[in-house]
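Here the structure is laid out as structure tokens; the discussion comes afterwards.
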């Protein structure tokens with residue numbers, strides 16, 4: 029399969045650069061034999077990254093999503109000239125992994141924190157990670173953001189959605 033890039037660097041505008049759709053299909057647990065306690069690094073999310081004609085299946089661990097978030101936060105650090113969208117994005121990213129848990133009851137919160145490999149916890153985060161990717165793609169497709177850091181954000185997203193494991 030050809031190496032598809034998320035970014036069309038020859039496009040004349042940002043809205044033309046964003047050319048893929050990302051859909052989280054499922055999550056699976058793959059723990060090595062003999063492992064008694066499943067951790068988040070054993071939970072894999074399967075994504076379908078597609079254009080109109082081509083698609084590829086990409087797998088990322090829960091840990092990869094956390095690294096993705098941390099990389100975005102590093103890029104969007106305060107102190108650069110921006111029209112304010114980066115500040116809002118940073119604020120959203122900082123709390124986004126706790127957001128699904130905040131919406132649950134106290135008992136569910138405790139169960140998710142202690143047993144993050146349950147079907148309920150995985151389904152909750154599968155939906156949340158899908159919303160995160162959708163929001164990021166919509167944000168990056170807008171023309172009105174005049175920030176020097178957006179090219180770096182494009183590249184991080186492209187790397188995250190690439191065929192290569194992280």
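Numbering (the numbering used here), first residue to last: 29 to 194. All residues carry an ideal CB built from backbone N, CA and C; glycine is no exception.
- Task: Tell whether a beta-carbon distance below 9 Å holds between residue 166 and residue 100.
- Result: Their beta carbons are not under 9 Å apart, which means residue 166 does not touch residue 100 by this criterion.
- Could you check if residue 58 is buried or exposed, using at least 16 other CB atoms within 10 Å of its CB as the buried criterion? exposed
- By DSSP, does residue 56 sit in helix, in strand, or in coil? In the structure shown, the three-state DSSP call for residue 56 is strand.
- Query: Just checking, does the segment 56-70 make contact with the segment 84-102 on the three C-beta pairs under 8 Å criterion?
  - Reply: yes
- Query: residue 191 to residue 150, Cα distance in whole Å?
  - Reply: Answer to the nearest angstrom: the Cα atoms are 23 Å apart.
- For residue 111, which three-state DSSP category applies? coil
- Message: Pull the bridge partners of residue 73 from the DSSP assignment, please.
- Response: 55, 88
- Item | Anticipated Cβ contact below 8 Å, residue 52 with residue 188, distance rounded | Contact doesn't hold; Cβ gap of about 13 Å is too wide.
- Task: Using three-state DSSP, classify residue 167 as helix, strand or coil.
- Result: helix
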